[in-house]
Amino acid sequence: MRPHVNQRRTRVLELVRARGTVRVTDLARELGVSPVTLRRDIEAMAARGEIRRMHGGIGRVEPGRPAAAATGSAAGPGGGLRVGMVVPTADHYYADVVRGAREAVEARGARLTVGLTRYLTGEDRTQADRLLSTGAHGLLLTPNWETGSPGPGEGAWTAELPVPAVLVERWAPPGHPAAGLDRVASDHAHGAAGAVRHLAGLGHRRIALAGRDTPATARLRAGYEAAVTALGLEPAPPWPPAGPGGPLSEAGLFARTLEYLCGAVAAGGVTAALVHSDTDAIMLLPRLQARGVRVPEDLTVIAYDDEVAGLAGVPLSAVAPPKHEVGRRAADLLLDRLTTAGPETGPRQHVGLLPRLTIRS
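Oh and the sequence shown: position 205 is 207 in the working numbering, straight run, nothing missing.
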């Protein structure tokens, strides 16, 4: 711990012991620090049983009261801590992410509470505020950023939270306030590049990337394009731009992918494709066959996500992001900030976990 941090926390202890209870806003003003900085001190001190957290303030630990009672159960090194997690859904992709986080949190004696946003605009902040109001000591955040990273003027609130926060499967560009947060995410660019490299190794020279837009799409395309360039492959026909009339329906998005792949094979010389996601890839198989495109004879397909790719009539090779491990690592990183390491100790971390390619014949 840096000397000035140690001195500040010593002063906090002196004041709370002298007064019994102190409001956080009053204490921040008296010490000349921001409420965000002070709350980080408070989280670390409460986790060690030095003070009691109260709504809007802190209190001293009464003589004879067990230190663990200041934060709850002492079931583990994170005993009594509450971790809030904001995710779009608890289904499909995020089911494994939540499961990994829950296992890590419970293994350390803490408690996980989840808020769901259903991709509704502004709901991520609403859920974060709700979790904070119910006593969350730290937050795992997957904001509703359409491209996986915030647009101009978006998401600055994540860097202004009064508790430590870790971005999960999201990232912020350099210079954005949220770029200074800890984050743990699948390296989708690496996953896409690995698929292209495997297909090139099979002799394919023109490989397409197809699928609907998701928060992972920008990173997938970056990895795909980098691999095509690095391997000296022939470019595939460009992905069709969005037409007028606003966003397409689910049926319209799927039809666009089907038309693109049929045209890419028939006139563009494409012999392989990475399709995101694997549920779309499975639905495409019979429709491609009906249009005269045989899989894998005319078009070798690798799916991205690997939730159900192995269950297809033609089992598909697939890239699997490490979803469970992302949740586990993010929760461990947050709990480290809240307990032994302290939220201000050590540099922030941007952790990228590599997806795995599973080959199926």
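Quick reminder that beta carbons are idealized off the backbone N, C-alpha and C, glycines included.
### Message
Taking 7 Å as the limit between beta carbons, can you name the residues of its chain near Ala103, skipping five residues before and five after?
### Response
Met87, Leu114, Leu142, Gly329, Arg330, Ala332 and Ala333
### Query
If you draw a straight line from the alpha carbon of Arg101 to that of Glu171, how long is it in whole angstroms?
Distance from the CA of Arg101 to the CA of Glu171, rounded to the nearest whole angstrom, comes to 14 Å.
### Message
In the DSSP output, what is Met47 paired with across the bridge?
### Response
Met47 is not bridged to any residue.
### Message
Can you give me the C-alpha to C-alpha distance between Trp173 and Gly150, rounded to a whole angstrom?
### Response
Approximately 6 Å, taken between the alpha carbons.
### Message
Please return the same chain residues whose Cβ sits closer than 8 Å to the Cβ of Leu122, not counting the five positions on each side in sequence.
### Response
Asn146
### Message
With a threshold of 8 Å, are at least 3 pairs of Cβ atoms found where one atom belongs to the stretch 200-212 and the other to the stretch 181-190?
### Response
no
### Task
Note down, one range per segment and in chain order, each alpha helix (DSSP H) of at least 4 residues found wholly within the stretch 117-148.
125-135
### Task
Would you be able to state if there are at least three C-beta pairs under 8 Å between the stretch 282-302 and the stretch 125-139?
Short answer: they don't touch.
### Message
Using 8 Å as the threshold, is the C-beta distance between Ala238 and Ala191 below it?
### Response
Going by C-beta atoms, Ala238 is not nearer than 8 Å to Ala191.
### Classification of Ser251 by the beta-carbon crowding that lies within 10 angstroms, buried from 16 upward
exposed
### Query
Alpha carbon to alpha carbon, what distance is there between His6 and Gly196?
47 Å
### Query
How would you call Asp338, buried or exposed, if buried means at least 16 neighbouring beta carbons within 10 angstroms?
buried
#### Entry: Beta-carbon proximity list for Asp98, same chain, < 6 Å, skipping 5 on both sides
Lys325 and His326
### Query
Going by DSSP, what residues sit across from Ala305 in a beta bridge?
Val277 and Ala320
### Task
Pair every Cβ in the stretch 270-280 with every Cβ in the stretch 173-183, then say whether three or more of these pairs are closer than 8 Å.
no
#### Entry: Chain-order list of residues whose beta-carbon lies under 7 Å from that of Ala220 (same chain, five-residue window excluded)
Thr149 and Gly150
### Query
Exposed or buried, what is Glu45 when buried is set at 16 or more other beta-carbons lying within 10 Å of its beta-carbon?
Buried, because 16 or more other Cβ atoms sit within 10 Å of the Cβ of Glu45.
### Task
Compute the distance between the beta-carbons of Ala253 and Asp280, then report whether it is under 8 Å.
Between Ala253 and Asp280, the gap from beta carbon to beta carbon reaches 8 Å or more.
### Query
What do you reckon, are the CB atoms on Val85 and Leu336 nearer than 8 Å?
yes
### Task
Could you please give the first and the last residue of the uninterrupted beta strand (DSSP E) stretch that includes Asp184?
Asp184 to Ser188
### Task
Could you tell me the distance, in whole angstroms, from the CA atom of Arg42 to the CA atom of Val26?
11 Å
### Query
With which residues is Leu211 paired in a DSSP beta bridge?
Residue pairing from DSSP places Leu211 in a beta bridge opposite Leu276.
### Task
Could you round the C-beta distance between Thr23 and Gly61 to whole angstroms and report it? I think they count as a contact, below 8 Å.
4 Å
### 8 Å Cβ cutoff met for Arg55 and Pro90
no
### Query
What do you get for Leu356, buried or exposed, if any count of 16 or more other CB atoms within 10 angstroms of its CB means buried?
exposed
#### Entry: C-beta contact flag for Gly193 and Val14 at 8 Å
Contact flag unset, no.
#### Entry: Residue closest to Gly34, alpha-carbon to alpha-carbon, out of Arg11, Pro317, Ala48 and Leu263
Arg11
#### Entry: Where the alpha helix (DSSP H) containing Val310 begins and where it ends
It is not in any alpha helix (DSSP H) - Val310 carries neither H nor E in the DSSP assignment.
#### Entry: Residues that Met87 bridges to, as DSSP identifies them
Val116 and Leu142
### Task
Just tell me which of Ile209, Ile284 and Thr144 has its CA closest to the CA of Tyr96.
Thr144
### Task
From the DSSP output, read off the bridge partner residues of Leu355.
Answer by DSSP bridge pairing, in chain order: Ser188.
#### Entry: Integer-rounded CB distance, given that Ala305 should sit under 8 Å from Ala283
4 Å
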